[in-house]
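Take a look at the structure below.
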Amino acid sequence: MFNAILIQKDAEGYRAQHTALEESQLPEGDVRVQVDYSTLNYKDALAITGKGPVVREFPIVPGIDLAGTVESSQHPEFKAGDRVVLNGWGVGEKYWGGLAQKAQLKGDWLIPLPEGFSTHEAMALGTAGYTAMLCVLALEQQGITPDKGPVLVTGANGGVGSVAISLLHTAGYQVAASTGRPQEADYLRSLGASEIIDRATLSEPGKPLQKERWAAAIDTVGSHTLANVCASIAYGGVVAACGLAQGMDFPATVAPFILRGVRLIGIDSVMRPKADRIEAWKRLAQDLDRSQLSQITHTIGLTEAISSAQQLLAGQVRGRVVVDVN
Ligand code: NDP
Numbered sequence: 001m002f003n004a005i006l007i008q009k010d011a012e013g014y015r016a017q018h019t020a021l022e023e024s025q026l027p028e029g030d031v032r033v034q035v036d037y038s039t040l041n042y043k044d045a046l047a048i049t050g051k052g053p054v055v056r057e058f059p060i061v062p063g064i065d066l067a068g069t070v071e072s073s074q075h076p077e078f079k080a081g082d083r084v085v086l087n088g089w090g091v092g093e094k095y096w097g098g099l100a101q102k103a104q105l106k107g108d109w110l111i112p113l114p115e116g117f118s119t120h121e122a123m124a125l126g127t128a129g130y131t132a133m134l135c136v137l138a139l140e141q142q143g144i145t146p147d148k149g150p151v152l153v154t155g156a157n158g159g160v161g162s163v164a165i166s167l168l169h170t171a172g173y174q175v176a177a178s179t180g181r182p183q184e185a186d187y188l189r190s191l192g193a194s195e196i197i198d199r200a201t202l203s204e205p206g207k208p209l210q211k212e213r214w215a216a217a218i219d220t221v222g223s224h225t226l227a228n229v230c231a232s233i234a235y236g237g238v239v240a241a242c243g244l245a246q247g248m249d250f251p252a253t254v255a256p257f258i259l260r261g262v263r264l265i266g267i268d269s270v271m272r273p274k275a276d277r278i279e280a281w282k283r284l285a286q287d288l289d290r291s292q293l294s295q296i297t298h299t300i301g302l303t304e305a306i307s308s309a310q311q312l313l314a315g316q317v318r319g320r321v322v323v324d325v326n
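Next comes the structure, spelled out in structure tokens:
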């Protein structure tokens, strides 16, 4: 038997519970992993609470991230004892995920635990940290160097936002952080933000073109915020858009794109090819100021995952949540 969070949807309704499962209930897969840690991302919170249509197969163990040790493997790249990380690939949405002591997965989805990281550190980053790195890499690939000007991060207190601020600051960028929680300004400054923006100034409908304030942005929020961010990017600047915490809509005009040459780069972490994942994790290992990880992260037990999911959606969680499944 092993412990897990299980989501069911049937005649009794949509519900998540902490429960014990038999190993024989594990789905098919060529690698079995003993999970050390999983995480709570925004998507996991939507899945657990049922507040967003994240889960596509029931019953399911949620958890889009996990890190642990291979228990047995039929996959040529992995053997028992290997330490591995998984992010995305529909795990926790369509396939059983990481919020359990055991997982049975496709070896093709796994990457070796990046050099130098513990399984706890890998989950302190999780999909949020890896996505933040993909966003920073996108800005770099588009030629945004620190001398181009300040970079805005929206959803600053969230997992993606917190890691993005830290990575940008460490790389020498001047960082502006947009938040709805001004009481967390000291935390954001300690990560490297030099300017705090009240998110209310970005979240309402605005003009198609506004004052050019930032060379680039990492947006985790979508909706009017993304539209206002695009309208406020300096000529030739770049926005890496990865999230929808405000909404999935994008009520914008083409003005920033056709009059200022602004580039909007979409960031997907879920189906990202393996080579990009390995590159992003390598860069996280190299670039991240690890001393900030403990400040960004707090750890909970598996039994607390359901209540924490509710708090996360209520905007009461700061940074990253690691789930110790054991
Ligand atoms: P978190 O819940 O940790 O953070 C989201 C942050 O957004 C909150 O902390 C809050 O920051 C801000 N926020 C919340 N509600 C609103 C609102 N109504 N209007 C404006 N801002 C709001 O989530 P993550 O950091 O894990 O993820 C952020 C987003 O990125 C999510 O939408 C998630 O689904 C998406 N995502 C996408 C990925 C991809 O592959 N494209 C991968 C990972 C995440 P504050 O309090 O500072 O304002």
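Under this note's numbering, the residues of the sequence shown are numbered 1 to 326, in order.
Cβ coordinates follow ideal geometry from the N, Cα and C atoms, glycine included.
Next on the checklist: Taking the alpha-carbon of residue 318 as reference, which of 158, 17, 41 and 114 has the nearest alpha-carbon?
Outcome noted: As a position in the sequence shown, residue 318 is number 318, starting the count at 1. The residue with the shortest Cα to Cα distance from residue 318 is 158.
Next on the checklist: Report the start-end ranges of each beta strand (DSSP E) in the stretch 203–269 that is 3 residues or longer and not cut off at the edges.
Outcome noted: 214–219, 233–241 and 263–266
Checklist entry - Nearest-angstrom Cα distance between residue 102 and residue 256? => result Translated into the one-based positions of the sequence shown, residue 102 becomes position 102. Translated into the one-based positions of the sequence shown, residue 256 becomes position 256. Each residue's Cα considered, the two are about 48 Å apart.
Checklist entry - Unbroken alpha helix (DSSP H) runs of length 4 or more, entirely within the stretch 31–95: which are they? => result 42–49
Next on the checklist: Less than 8 Å between the beta carbons of residue 280 and residue 42, yes or no?
Outcome noted: Here residue 280 refers to the residue found at position 280 of the sequence shown. Here residue 42 refers to the residue found at position 42 of the sequence shown. In this structure, residue 42 does not lie closer than 8 Å to residue 280 by Cβ.
Checklist entry - Is residue 246 near the ligand NDP, going by C-beta to nearest heavy atom under 7 Å? => result Start at 1 with the first residue of the sequence shown, and residue 246 comes out as number 246. Yes, the beta carbon of residue 246 sits closer than 7 Å to at least one heavy atom of the ligand NDP.
Checklist entry - Is there contact between the stretch 297–311 and the stretch 111–119, where contact requires at least three CB pairs shorter than 8 Å? => result no
Item to check | Where residue 305 falls, given that 16 or more other Cβ within 10 Å makes a residue buried | outcome: Residue mapping note: residue 305 aligns to position 305 of the sequence shown, counting from 1. Looking at its Cβ environment, which holds 16 or more other Cβ atoms inside 10 Å, residue 305 is buried.
Item to check | Heavy atom of the ligand NDP within 7 Å of residue 37 beta-carbon | outcome: Position 37 of the sequence shown, counted from the first residue, corresponds to residue 37. Residue 37 Cβ: outside cutoff for every heavy atom of the ligand NDP.
Item to check | Cα-Cα separation, residue 111 to residue 70 | outcome: The sequence position of residue 111 within the sequence shown is 111, counting from 1. The sequence position of residue 70 within the sequence shown is 70, counting from 1. Taking the straight line joining both Cα atoms gives about 11 Å.
Checklist entry - Leaving out five residues before and five after residue 59 in sequence, what residues of the same chain have Cβ atoms less than 6 Å from its Cβ? => result Translated into the one-based positions of the sequence shown, residue 59 becomes position 59. Excluding sequence neighbours, residue 59 sits near 6 and 8.
Next on the checklist: Which residue marks the beginning of the alpha helix (DSSP H) containing residue 119, and which one marks its end?
Outcome noted: Here residue 119 refers to the residue found at position 119 of the sequence shown. It spans 119–141 - the alpha helix (DSSP H) in which residue 119 sits, taken as one unbroken run.
Checklist entry - Are the stretch 237–244 and the stretch 254–271 in contact at 8 Å, needing three or more beta carbon pairs? => result yes
Next on the checklist: Does the beta-carbon of residue 119, which I'm using as the reference point, lie nearer than 7 Å to any heavy atom of the ligand NDP?
Outcome noted: Locating residue 119 in the sequence shown gives position 119, counting from the first residue. Because no heavy atom of the ligand NDP lies under 7 Å away, the Cβ of residue 119 does not count as near it: no.
Checklist entry - Given residue 278, which residues of its chain have a CB within under 7 Å of its CB, disregarding the five upstream and five downstream residues? => result Working through the sequence shown from its first residue, we reach residue 278 at position 278. For residue 278, where only same-chain residues beyond five positions count, the Cβ hits under 7 Å are 111.
Item to check | Beta carbon of residue 122 nearer than 8 Å to that of residue 67 | outcome: Working through the sequence shown from its first residue, we reach residue 122 at position 122. Working through the sequence shown from its first residue, we reach residue 67 at position 67. The answer is yes: Cβ separation under 8 Å.
Checklist entry - In whole angstroms, what is the alpha-carbon distance linking residue 252 and residue 217? => result Along the sequence shown, one-based indexing puts residue 252 at 252. Along the sequence shown, one-based indexing puts residue 217 at 217. Distance between the alpha carbons of residue 252 and residue 217: 16 Å.
Checklist entry - Between 73, 246, 212 and 64, which lies nearest to residue 154 when the distance is taken from Cα to Cα? => result Here residue 154 is taken as the residue at index 154 of the sequence shown, counted from 1. Checked all of 73, 246, 212 and 64; the closest Cα to residue 154 is 246.
Next on the checklist: I'd like the list of long-range same chain contacts for residue 225, defined as Cβ closer than 8 Å, with 5 residues on each side in sequence excluded.
Outcome noted: Within the sequence shown, residue 225 is the residue found at index 225, counting from 1. Only 154, 178, 199, 202, 203, 219 and 246 meet the Cβ criterion.
Checklist entry - Are the Cβ atoms of residue 190 and residue 214 separated by less than 8 Å? => result By one-based count along the sequence shown, residue 190 stands at place 190. By one-based count along the sequence shown, residue 214 stands at place 214. No.
Item to check | Element boundaries [beta strand (DSSP E), containing residue 10] | outcome: Numbered from its first residue, the sequence shown carries residue 10 at position 10. 2–10 is the span of the beta strand (DSSP E), which, as asked, contains residue 10.
Next on the checklist: Which of the three DSSP states is assigned to residue 314 in this structure?
Outcome noted: If you number the sequence shown from 1, residue 314 lands on position 314. Residue 314: coil per DSSP, three-state reduction.
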